[in-house]
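**Student:**
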Amino acid sequence: MLEFFQQLANGLIIGSTYALLTIGLTMVFGLMQILNYAHGEFYMLGGVVAFWVTQALHLNFFLSIIVTVAICFMLGLVFERILMRRLYEVPIVTTAIVTVGLSIFLQNSVFMLWGNVPRTIPTPFPLKPLTIGGLTFTSLRIFVLIVTIAVIVFTQIIIHRTKLGRAMRATFQDKDVAAMTGISIRKIYALTFAYGSALAGLAGVLCGSYLTISPFMGSSVTTKAWAIAIVGGIGNIPGAIFGGFLLGVVESLGAGYLSAAYKDAYSFIIVILVLVFRPNGLFSKKEL
Amino acid sequence: MKKGRFLALVLTILMLANLLAACSGSASAPTAPASAPAAAPGEAPAAAPSGEAIKIGAVLPLSSSAGVSGARVRKGMEFAANKINAAGGVNGSPIEIIFEDTQSSDPALAMSAVEKLIHQDKVNIIVGCYGSSASLAALPLCEENGVVMLEPIATSPAITSGSEWAFRISSTNGIDAEMVGPYLPALGFEQVAYMPVDNDWGLSVTQNYIPVLEGVGAKTVTTEGIIIGEGNYLTQLTKIKNSGATSVIITQDVESCSTLIRQMVESGMGDFKILSTSGNNASMVRSLIGDAAQGVYFIEYYAEDGMVGGVPNEKNKAFTEEWNAANSDTALDYFVVQGVSAVEIIAQAIAEAGSADRTAIRDALRSLEYEGLRSTIKFDEFGQSHGEVILTQIKEDNSIEIIDYKK
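Just so you know, the protein sequences line up as chains X and C, in that order. Under the numbering used here, the first sequence has 393 at position 197, and the numbering climbs by one with no breaks. Under the numbering used here, the second sequence has 545 at position 353, and the numbering climbs by one with no breaks.
#1: What would DSSP say about glycine 272 of chain X, mapped onto helix, strand or coil?
#2: Along chain X, in chain order, which residues have C-beta atoms closer than 9 Å to that of threonine 430 of chain C?
#3: On a CA-only basis, which of C:Thr551, C:Val535, C:Ala556 and C:Glu536 is nearest alanine 545 of chain C? Give me that one, please.
#4: Does the beta carbon of proline 314 of chain X sit closer than 8 Å to a beta carbon anywhere in chain C?
#5: Looking at the strands, I want to know which residues DSSP matches up with aspartate 596 of chain C.
#6: So, is the C-beta of serine 220 of chain C closer than 8 Å to a C-beta in chain X?
#7: What does DSSP give as the partner residue(s) for serine 465 of chain C in the beta ladder?
#8: Which partner residues of serine 577 of chain C appear in the DSSP bridge assignment?
#9: Taking Cβ-Cβ distances shorter than 7 Å, what residues in chain C pair up with proline 155 of chain X?
#10: What's the gap between the Cα of glutamine 303 of chain X and the Cα of leucine 341 of chain X?
#11: Please give the ranges of any beta strand (DSSP E) in the stretch 310 to 351 of chain X, keeping only runs that are unbroken, at least 3 residues long and fully inside the region.
#12: Count the other CB atoms within 10 Å of the CB of threonine 418 of chain X; is the residue buried (16 or more) or exposed (fewer)?
#13: Between serine 325 of chain C and chain X, is any beta-carbon pair separated by less than 8 Å?
#14: Among C:Gln585, C:Tyr562, C:Asp589 and C:Thr584, which has the Cα closest to the Cα of histidine 578 of chain C?
#15: Under 8 Å Cβ-Cβ, which residues of chain X neighbour leucine 480 of chain C?
#16: Hey, could you find the ends of the alpha helix (DSSP H) lysine 293 of chain C is sitting in?
#17: Would isoleucine 419 of chain C pass as an interface residue toward chain X - the criterion being a Cβ-Cβ separation below 8 Å?
#18: How long is the line joining the alpha carbons of isoleucine 318 of chain C and leucine 301 of chain C, rounded to whole angstroms?
#19: Is glutamine 383 of chain C helix, strand or coil when you go by DSSP?
#20: Under 8 Å between beta-carbons, which chain C residues line up against serine 416 of chain X? List them in chain order, please.
#21: Could you work out which residues of chain X lie near threonine 451 of chain C, taking near to mean beta carbons separated by less than 9 Å?
#22: In the DSSP assignment, find the unbroken beta strand (DSSP E) run with valine 251 of chain C in it and report its ends.
#23: Comparing C-alpha positions only, which one of X:Gly428, X:Leu217, X:Ser463 and X:Met413 sits nearest to glycine 450 of chain X?
#24: In terms of alpha-carbon separation, which member of C:Phe291, C:Pro332 and C:Ser327 lies closest to aspartate 313 of chain C?
#25: Scan the stretch 243 to 254 of chain X for residues whose Cβ lies nearer than 9 Å to a Cβ of chain C and list them as they occur along the chain.
#26: Between glutamate 588 of chain C and chain X, is the shortest Cβ-Cβ distance under 8 Å, so that the two count as touching?
#27: Can you give the Cα-Cα distance for serine 305 of chain X and glycine 243 of chain X, rounded to whole angstroms?
#28: In its own chain, which residues sit with a C-beta less than 8 Å from the C-beta of isoleucine 430 of chain X, not counting the 5 before and 5 after it?
#29: Considering Cα atoms alone, identify which of X:Ala234, X:Cys403 and X:Gln251 is closest to tyrosine 214 of chain X.
#30: If we count the other Cβ atoms within 10 Å of its Cβ and call it buried at 16 or more, is arginine 382 of chain X buried or exposed?
#31: Find the residues of chain C that neighbour aspartate 460 of chain X, judging by a C-beta separation of less than 9 Å, and give them in chain order.
#32: In chain X, which residues lie less than 8 Å from alanine 410 of chain C when you measure between Cβ atoms?
#33: With a Cβ-Cβ cutoff of 8 Å, do isoleucine 491 of chain C and serine 468 of chain C count as a contact?
#34: At 7 Å on the CB atoms, spell out the chain C contacts of phenylalanine 350 of chain X, in chain order.
#35: Starting from the beta carbon of isoleucine 210 of chain X, find every residue of chain C whose beta carbon is closer than 7 Å, and list them in chain order.
#36: In chain order, what residues of the same chain have a beta carbon less than 6 Å from the beta carbon of tyrosine 597 of chain C, not counting five sequence neighbours either side?
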């Protein structure tokens, strides 16, 4: 029984980072109709930037998280300005192709500049695990879980309780009408893309602190985030959160009790089931 | 119109960038004899090689996480080729190496790379393909076309099990298991869980280690396969922790192996005995995860400079100094040594045969005896060489100690 709860807890911790990753992806699609295949590369950039910040600027882990998220937000603004902004009126397939190109470009740029030697971000947390009620955790993973949940709550507050969030929701429902009421669609788009990139970057720092960082770490993550977005209903934030935790737990229990060799397959079995029985996702109503 | 032009520009730039990046990966750039960094200063330069270039095809993982070690093999090969070319080449001909990238040692990429090297570049010999699955997939192509495949790294015994075109300068998991296996129960490997990567490499480890270890009384508790590139192993580790195993034998690339060891410590499995089989070296894992790697055993094949208890070798000492002077960023380790050895062996075979003909190289390799940086390399009737196998351990002061050394 203890093993079951341990696997469940492992799944929830992994699921929280999945949720964090997918929120950005699903927001960008829901609001801007952009299929962002370069989302995983912002995750990678988060890890790379955080490593650089801790090594070159000698910032501690906590400061490096803040600096990295800020840099990823700025990078999001820059790419929105020079690339995405040109794509709002073109067919969705064109934007998808451009983001695939952007993804390859970012991967290989980092590869050329930085090499592919894997690295990890140093953290002040001890390696030794804590035992709580028979379950084993590291303080680092608990920290990751807390930060992730805090950011998810923060995102919900922005969207539902602030003026900016109201403008976002209005743009989401009908951008033409929103524009007529005086909302600057461009500004909303830029902020959404930058916020999505910052969330991906945050996931990159957090995961890079207990996994390894390399220029190609983003590609598998993009696939997973898409799977979660589809399960939750593309463009639906509560769906992304639920989907992230669901996939984390299913993977963990599936690998724990069936076979670990098919760990990735479990996510895709869920995707197929959702597509067959609820083609619009579990949360089919589009909502931010 | 303006938007259309801009898009065309963006796409062109992205495609160019992609192309550039692809080139940096599978650079078909021949090692230029002119820029030989290995020529000792002060020495009169030897006559520039003038004959037709000897083409060596190299199929290695150069990007992705396996690419870290693949790039070290490449560095070693380039270093050796530059040195040989600066000294006048082989029989008056310069060596040219054409590198092809297999990313994460992908068998499909290895096959198309070998196809290209044989038919388009018309190479005389192929060095590769680094990964067991990649090599096993590409070997039939080499056989069909009568080109030698000289294997520098892969350890699946199946590669040298009957093909007259396969030669290998790395060990096999069969040899390793027989050499190291009998010592493992005394080191605490009695209740063993295996964590092999899910391909021919991992499979050959379990196939060869389990019978040897069970023969000396160790019990196989469980086997948990790992998919390449997976980062989160807590699920498998939780299972192993509750299985009754007290030791783990890992077969993974450096990145995955390091993450796995760290997650074992994080899961409260710090008192487990850990052995990393072929594919890693202690120094690289230590540089990645530091203290978490303390106590871990490694099967290695080259006693690096700085290891405690290493066997001093005068030739290695001179070469290590030469290497360090030219390559401050890459330490001389097993992967580099394998690259150097591969090129030197090919050069020696061609010099002895007096011809760079594909079949002549094969026949020369049969009777070749190469005094390498490791032990003397000679190929048996299956093309397999038998070098030394070293068991190392990372100690509590983070030094790497050689526990056992077998020739």
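For every residue, glycine included, the Cβ atom is placed at its ideal position computed from N, Cα and C. No experiment lies behind these values; they were computed from the predicted model shown.
**Tutor:** Walking through what the data contain:
#1: helix
#2: Glu199, Gln202, Gln203, Asn206, Thr332, Ser448 and Gly452
#3: C:Ala556
#4: yes
#5: C:Leu583
#6: For serine 220 of chain C, the pLDDT reaches just 39, beneath the cut-off of 50, and the residue's location in the model is therefore unreliable, leaving the point undetermined.
#7: Here residue 465 of chain C turns out to be lysine, not serine, going by the sequence shown. For lysine 465 of chain C, which the question treats as bridged, DSSP gives the partners C:Ser439.
#8: C:Phe571
#9: The first residue shown for chain X is 197 and the last is 484, placing residue 155 of chain X beyond what the model contains.
#10: 27 Å
#11: 326 to 328 and 331 to 333
#12: buried
#13: no
#14: C:Tyr562
#15: Pro314, Arg315, Thr316 and Thr408
#16: Note that residue 293 of chain C is aspartate in the sequence shown, not lysine. Counting along the chain, aspartate 293 of chain C falls outside any alpha helix (DSSP H), though it belongs to the beta strand (DSSP E) covering 287 to 293.
#17: yes
#18: 15 Å
#19: strand
#20: Gly421
#21: Pro314, Thr316, Tyr406, Leu407 and Thr408
#22: 246 to 252
#23: X:Ser463
#24: C:Phe291
#25: none
#26: no
#27: 15 Å
#28: Thr222, Phe225, Gly226 and Gly477
#29: X:Cys403
#30: exposed
#31: Ile419 and Glu422
#32: In chain order: nothing, as chain X lies at least about 22 Å away.
#33: yes
#34: Those do not exist, as phenylalanine 350 of chain X stays about 25 Å from chain C at its closest Cβ, beyond 7 Å.
#35: Asn424
#36: Ile582
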